[in-house]
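Residue numbers for the sequence shown follow numbering that gives the first Met the number 0, beginning at 0 and rising by one. Using N, Cα and C, we set each Cβ at its ideal position, and we do this for glycine too. Below you'll find the structure, written out as structure tokens, and then a few comments.
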Amino acid sequence: MSKVRITHASIDENRHAKNGKAGDQTGREVCTRDWYSKPWDCVIRFTHEEMREKVARCMERAAANDRIGYDQNQRNTLLLEAKKYGYDPGRVTIDVETDCSALVALACIYAGVQECYMYSAGNSCTTRNLRKRLEATKLVQVFESKDYTTRPDKLIRGDILLSEGHHVATVTTGASTVSKVGGVKTNEQIAAEVKKGLWGNMPERKTRLESAGYNYETIRKIVNRGN
């Protein structure tokens, strides 16, 4: 079983929620860390695997871009800038800010949710209305049992962990190689996903395949065999 990792926007360089300098001053304002029990109120999961993958990928790209920092007063500046690049935070080249829920809202739009669900009246959704907004899309399942909210065993890549009114994060490394509800995928299925670009580009692809428990060389050979 892989160690579960989550990616989130957390706190500014002064360990405050507001009035920090734009951009990630510490490398930890938007970051990836080990899963922890907040505890969470619920786990929100897109029913379509490709959407889950895009949510996780968007979060990873945001964490890797030090142009993106944390500030609740400027929480929408990332989304507005990323919109110029198809909502891809990895392509943002100026210093901007976000907060935990604005970042997840961006990831959901990047995954295919219509912007109007996640951003309206000039503001991104918050931890207080994120669940309601996502349920309205009819694209998600919501899990509230302690099996999901207090332990990482059933979490998969792309799951959204919500503490309503407080915090939200996204699973970017799941508990096991189970990447969709129903079971472990075959090497051939994973190779097909690689061809579609769902596992990213090198060297990220190799790292993610191996962290999910797959043999990179085996997958690579299957992909090349089909070309």
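*Using the C-alpha atoms, what's the distance from residue 146 back to residue 18?*
Position 19 of the sequence shown, counted from the start, is the residue given in the question as residue 18. Position 147 of the sequence shown, counted from the start, is the residue given in the question as residue 146. As the crow flies, the alpha-carbon of residue 18 is around 38 Å from that of residue 146.
*Kindly indicate which residue of 150, 61 and 187 has the alpha-carbon position closest to the one of residue 7.*
As a position in the sequence shown, residue 7 is number 8, starting the count at 1. Residue 7 has its Cα closest to that of 61, out of 150, 61 and 187.
*Under the rule that 16 or more other beta-carbon atoms within 10 Å means buried, what is residue 216, buried or exposed?*
Locating residue 216 in the sequence shown gives position 217, counting from the first residue. Result: exposed.
*DSSP state of residue 21 mapped onto helix, strand, coil*: By 1-based counting over the sequence shown, the position of residue 21 is 22. DSSP places residue 21 outside both helix and strand once states are collapsed to three, so it counts as coil.
*Return the chain-ordered list of same chain residues with a C-beta closer than 7 Å to the C-beta of residue 237, the five sequence neighbours on each side being excluded.*
Because the chain in this structure spans residues 0 to 226, residue 237 falls outside the shown range and cannot be described.
*Can you tell which of 64, 100, 56 and 84 has its C-alpha closest to the C-alpha of residue 71?*
Position 72 of the sequence shown holds residue 71. Selected option, being the one with the closest Cα: 100.
_Cutoff 7 Å; reference residue 109; Cβ partners in own chain excluding five residues on either side_ = Here residue 109 refers to the residue found at position 110 when the sequence shown is read from its first residue. Closer than 7 Å at the Cβ level, and outside the excluded window around residue 109, lie 53, 57, 86 and 87.
*What are the boundary residues of the beta strand (DSSP E) that includes residue 188?*
Counted from its first residue, the sequence shown places residue 188 at position 189. That residue, residue 188, is in no beta strand (DSSP E); its alpha helix (DSSP H) goes 186–195.
*Spatial neighbours of residue 36 in its chain, beta-carbon cut-off 7 Å, leaving aside the 5 residues before and after*: Translated into the one-based positions of the sequence shown, residue 36 becomes position 37. Only 149 meet the Cβ criterion.
*Cβ neighbour criterion (16 or more within 10 Å) applied to residue 151*: For the purposes of this step, residue 151 is taken as the residue at position 152 of the sequence shown. Buried, because 16 or more other Cβ atoms sit within 10 Å of the Cβ of residue 151.
*Given a threshold of 16 other Cβ atoms within 10 Å of its Cβ, counted over all protein chains shown, does residue 33 qualify as buried or as exposed?*
For the purposes of this step, residue 33 is identified with residue 34 of the sequence shown, where counting begins at 1. Its Cβ having fewer than 16 others within 10 Å, residue 33 is exposed.
*DSSP state of residue 162, grouped into three classes?*
As a working mapping, residue 162 is identified with position 163 in the sequence shown. For residue 162, the three-state secondary structure derived from DSSP is strand.
*In whole angstroms, what is the alpha-carbon distance linking residue 214 and residue 121?*
Position 215 of the sequence shown, counted from the start, is the residue given in the question as residue 214. Position 122 of the sequence shown, counted from the start, is the residue given in the question as residue 121. Approximately 45 Å, taken between the alpha carbons.
*Residue range of the unbroken beta strand (DSSP E) whose run includes residue 96*: Residue 96 sits at position 97 when you count from the first residue of the sequence shown. First-last of the beta strand (DSSP E) with residue 96: 95–97.
_Considering Cα atoms alone, identify which of 187, 28 and 48 is closest to residue 168._
By 1-based counting over the sequence shown, the position of residue 168 is 169. Checking every option, the nearest Cα to that of residue 168 belongs to 28.
_Contact check, residue 172 vs residue 20, beta carbons under 8 Å_ = Your numbering for residue 172 matches position 173 in the sequence shown. Your numbering for residue 20 matches position 21 in the sequence shown. Taking 8 Å as the Cβ cut-off, residue 172 and residue 20 do not qualify as a contacting pair.
_Tell me the rounded alpha-carbon separation between residue 38 and residue 174._
Taking the sequence shown and counting its residues from 1, the one referred to as residue 38 is at position 39. Taking the sequence shown and counting its residues from 1, the one referred to as residue 174 is at position 175. Roughly 17 Å between the two C-alpha positions.
*Below 8 Å CB to CB, which residues in the same chain sit around residue 181 once its five sequence neighbours on both sides are set aside?*
What you label residue 181 is simply residue 182 of the sequence shown in a count that begins at 1. At residue 181 the pLDDT is 40, less than 50, meaning the model places this residue with poor confidence and gives no usable figure here.
_Taking the beta carbon of residue 92 as the centre, do at least 16 other beta carbons fall within 10 Å, making it buried, or is it exposed?_
Mapped onto the sequence shown, residue 92 falls at position 93. By the neighbour-count rule (16 or more Cβ atoms within 10 Å), residue 92 is not buried but exposed.
*Go to residue 76, then tell me how far its alpha helix (DSSP H) extends in each direction, as first and last residue.*
Along the sequence shown, read from residue 1 onward, the residue named residue 76 stands at position 77. Under the DSSP assignment, residue 76 falls in the alpha helix (DSSP H) whose first and last residues are 76–81.
*Nearest neighbour of residue 184, chosen from 161, 155 and 201 [CA to CA]*: To locate residue 184, count along the sequence shown from 1; it is residue 185. In terms of Cα proximity to residue 184, the closest of 161, 155 and 201 is 155.
*So does residue 21 have its beta carbon nearer than 7 Å to some heavy atom of the ligand COA?*
Ligands are entirely absent from the displayed structure, and the ligand COA is therefore not among its contents.
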